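There are 2 protein chains.
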Amino acid sequence: MNPQVQAFTTPERLLLGPGPSPVAPSVLRALAQPTIGHLDPLLLQVQDEISALLRSVYGSESPWTIAFSGTGSSGMEGALVNLIEPGDVALVAVGGFFGARMVDVAQRAGARVIAVEHEWGRQADLAKLRKAAAAERVRFVCAVQAETSTGVRQDLAPLSQLARELDAFFVVDAVTSLGCMAVDCDAQGIDAAYSCSQKGLSCVPGLAPVTFSPRAQARIASRTRPVQSFYLDMNLLMRFWGGERGYHHTISSNLLVALHEALRLVHLEGLEARFERHARIGRSLRAGVRAMGLELFVPDEDALSQVTAIRIPAGVDDLRVRKRLLAEYGIEISGGLGAQKGRLWRVGMMGSGASLRNVVLVLDALAASLRAEGEPPLDSGVEAAQGAFAAGTS
Amino acid sequence: MNPQVQAFTTPERLLLGPGPSPVAPSVLRALAQPTIGHLDPLLLQVQDEISALLRSVYGSESPWTIAFSGTGSSGMEGALVNLIEPGDVALVAVGGFFGARMVDVAQRAGARVIAVEHEWGRQADLAKLRKAAAAERVRFVCAVQAETSTGVRQDLAPLSQLARELDAFFVVDAVTSLGCMAVDCDAQGIDAAYSCSQKGLSCVPGLAPVTFSPRAQARIASRTRPVQSFYLDMNLLMRFWGGERGYHHTISSNLLVALHEALRLVHLEGLEARFERHARIGRSLRAGVRAMGLELFVPDEDALSQVTAIRIPAGVDDLRVRKRLLAEYGIEISGGLGAQKGRLWRVGMMGSGASLRNVVLVLDALAASLRAEGEPPLDSGVEAAQGAFAAGTS
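In structure tokens:
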């Protein structure tokens, strides 16, 4: 072991990838408040308020609305392992990396999975899903509302309708949607949704907000065998998060207090205003990217506002451009996942990061980096972005 | 939703329960540094240093030494689900709440568990374990090195010997031992150990340091079926923690940077000095408790230094005393778990909380609280504690 370990100083990155998103100073201050015990009576109050604030953001009235002590990926795992019993059939709409991950996680939970593959970059095809479900006893319809890997928005209404037709539980990945757009759990008939503390909520990573409908709760409470994960078992977690305060795990008061502050900021802004801000900033960024002469991966009608995927021009080196953005501008954007590695850039405008200032910054920085690579863009895109922003909220 | 959500201000508790322990100011400052991305090149350096520092604290040379993105309970789950395949026989020494939890978690992973129950408050009985293992193909010997629920220290050497005799993997719960006392993974032939970021390391809760031996690594890499947890799958996690940097989950840079700082403080103090400090402070507290006329739950030869269980005198109300300590002194201690609820107090002197100042404070506060309840102690215990401390390190 090196005798001298230096303290680590984090540089100030501008986080414009699809997560983590920029964290507000008050959230970092909340995070660094003194640690209190997991059974401290005051922490119960924080948890109760977090649950109420999460219900509001999720559009759910279910008391089974809490945060797992893990990242968004633990949210996916927890949603699926609580609901699935071995042999259950799960229909999963796959159109990107995270849809594919749902397949993997559901299979590890013992499900027989019908994975309905779609071209990356488009919404799910209802007819295709319906056909795949025919003559099967489908227990779960699973979909990703905001596919982080592609920037595709999935309309929930048709899938919700399909779940009803099949008398199946509707499970929604809201990792990149929560806090950026409406999830509307109760209105959409969602039985389980999960997300992360970062991205749309702009907290630090480390917690996974989840919500389960009363119907899901009843199923979980009457399982024939225990949830395979003790750590994520909702039956046990609700004994801790509920009034009973039964010890389950040493939840991090620091993360909870930070999430509480992040949710307070969401609440202060107001959900409608926040969703509209994301929509407006997303339109602005897309207008700028187009004016640069770059190609967007997702057609407007399917595009998310909070994550924009840009095709990397032929001949341009993905990593070199991203390293330049990081080194010269301190800006982080992301590359593609899976088959889109090296072919896409993904720019996130999420939570407190979704601002005109950041749109302008990332466009100017990207234009300069492309010029440095000998790929002059048509335009910096900034004026087009400003114009789209000024065109307002309609 | 209440229109006015107030920001939450955490009171400054003196955390003298068996976890979380007091967090050093520099660790809280590290925690609140700006968030950086999970694939940021600088984070890899932090992770590499964390792995090296953890190897040192664990006494392991294995590169499979990382932190799960969850609390200590996720460490237990991750250690077991990575190793166990359905039908495997696991022998678990149970002498407290966390031994019993290992049984539950191993069963959920599909193991057939031989739970060898012991009276709470004593070490495991090797002859009893050996007898229970006879004529069984035992794959795992599992034990808790420091039983948080009772304050019992488990000697690892005899159990390690048993594991070797049985040609079984040796799995050790080091949740309350890591950073307080030697775990010595390589010397003790431990194949998997897990802990938490809080307690002995005095970081905030939220990460679970784990280590797997090369033999365990080989088994995990050649499993016949995938690890049931995607989130805790070491095969995938090592692609992320290793040089490959394959995306797995959005690890929290804030928690990592805080853990890095906490481990740096451990390293600065030195392991031997740290372990000796815990031993000395533990002896001091026990001497004080005895001088008060209170009864210790665990005989000296089996007692931990970092967690001391005290029998609640007959007629004294557990909760009233603990509420008084919290309200009047801002001191948190804990009650008993399971059958010992209402019968034990548990006082932790862990990590940066293990100090003579805290021994004196908790003794004085406890003595005053007992007097207020009409149960005058023989003595405050402070002078006896000071005397034991002065008697030094032998």
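Residue numbers (my numbering), protein chains in the order written: chain A, 34 to 427; chain B, 34 to 427. For every residue, glycine included, the Cβ atom is placed at its ideal position computed from N, Cα and C. None of these values were measured; they are calculated from a predicted model.
Asked	Found
Residue from B/S84, B/Q187 and B/A65 with nearest C-alpha to B/L270	B/S84
Distance CB(A/V114)-CB(A/L289) smaller than 8 Å	no
Host alpha helix (DSSP H) of B/Y227 (start-end)	Not the alpha helix (DSSP H): B/Y227 falls in the beta strand (DSSP E), residues A225 to Y227.
Per-residue DSSP class, three states only, for A/M325	coil
Nearest residue (CA-CA) to A/L124, options A/A201, A/T181 and A/S54	A/A201
Supposed contact pair B/A400 and B/S388 - C-beta distance, whole angstroms, cut 8 Å	The Cβ separation is near 18 Å, so there is no contact.
Proximal residues to B/Q231 (C-beta, below 7 Å), its chain only, five neighbours per side dropped	G52, P53, S54, V237 and P238
DSSP three-state assignment for A/L75, whether helix, strand or coil	helix
Status (buried if at least 16 other CB within 10 Å, exposed otherwise) for A/P74	exposed
9 Å Cβ cut-off: residues of chain B touching A/G386	Those within 9 Å of A/G386 in chain B number zero; the least Cβ separation is about 11 Å.
Beta-carbon neighbours of A/G105, restricted to chain B and to distances below 9 Å	H282 and T283
Within 7 Å of chain A by C-beta, residues of the region 226-260 of chain B in sequence order	C229, Q231, V237, P238, G239 and P259
Cβ of A/Q66 within 8 Å of any chain B Cβ	yes
Top-ranked residue by Cα proximity to B/G103, from A/A63, A/T181 and A/S285	A/S285
Under 7 Å from the C-beta of A/E82: neighbouring residues of chain B	V38
Interface residues of chain B facing A/Y264 [CB-CB closer than 7 Å]	G103, S106, S107 and E110
The region 126-137 of chain B / the region 150-163 of chain B touching (three or more Cβ pairs under 8 Å)	yes
CB contact check: A/E449 to chain B, cutoff 8 Å	The displayed coordinates of chain A run from 34 to 427. Any statement about residue 449 of chain A would go beyond what the structure contains.
Contact set for B/A148: own chain, Cβ-Cβ below 6 Å, skip 5 residues either direction	V125, V127 and V136
Residue-level contact to chain A via CB, B/F131, 8 Å cutoff	no
Simplified DSSP state of A/W274, which is helix, strand or coil	helix
Near the ligand ADP: B/G348 beta-carbon under 7 Å from a heavy atom	As for the ligand ADP, it is missing from this structure, which has no ligand bound.
Range of the contiguous beta strand (DSSP E) that encloses B/S366	A small correction: the amino acid at residue 366 of chain B is Ile; Ser does not occupy that position in the sequence shown. Taken as a continuous stretch (DSSP letters only), B/I366 belongs to no beta strand (DSSP E), as it is neither H nor E.
Neighbouring residues, chain B, relative to A/P53 (Cβ below 9 Å)	T68, I69, G70, H71, T283, S285 and S286
Below-8 Å beta-carbon distance, A/E45 vs any chain B residue	yes
Presumed contact (8 Å Cβ cut-off) between B/E294 and B/V60, rounded CB distance	5 Å
Per-residue DSSP class, three states only, for A/D428	This structure leaves residue 428 of chain A out entirely; chain A is present only between 34 and 427.
Simplified DSSP assignment, three categories, for A/P53	coil
Backbone secondary structure at A/V185 - three-state DSSP	strand
Whole runs of the alpha helix (DSSP H) within the region 336-424 of chain B, excluding any shorter than 4 residues	351-362, 389-405 and 415-423
Amino acids of chain B, ordered along the chain, whose beta-carbon sits closer than 7 Å to that of A/L61	A65
Below-8 Å beta-carbon distance, B/G50 vs any chain A residue	yes
Distance CB(A/T448)-CB(A/G369) smaller than 8 Å	Here chain A has residues from 34 to 427 only, and residue 448 of chain A is not among them.
A/E302 at chain B interface by Cβ criterion, 8 Å	no
Per-residue burial, B/G348 [other beta carbons within 10 Å of its own, 16 or more giving buried]	exposed
Start and end residues, beta strand (DSSP E) containing B/V149	R145 to E150
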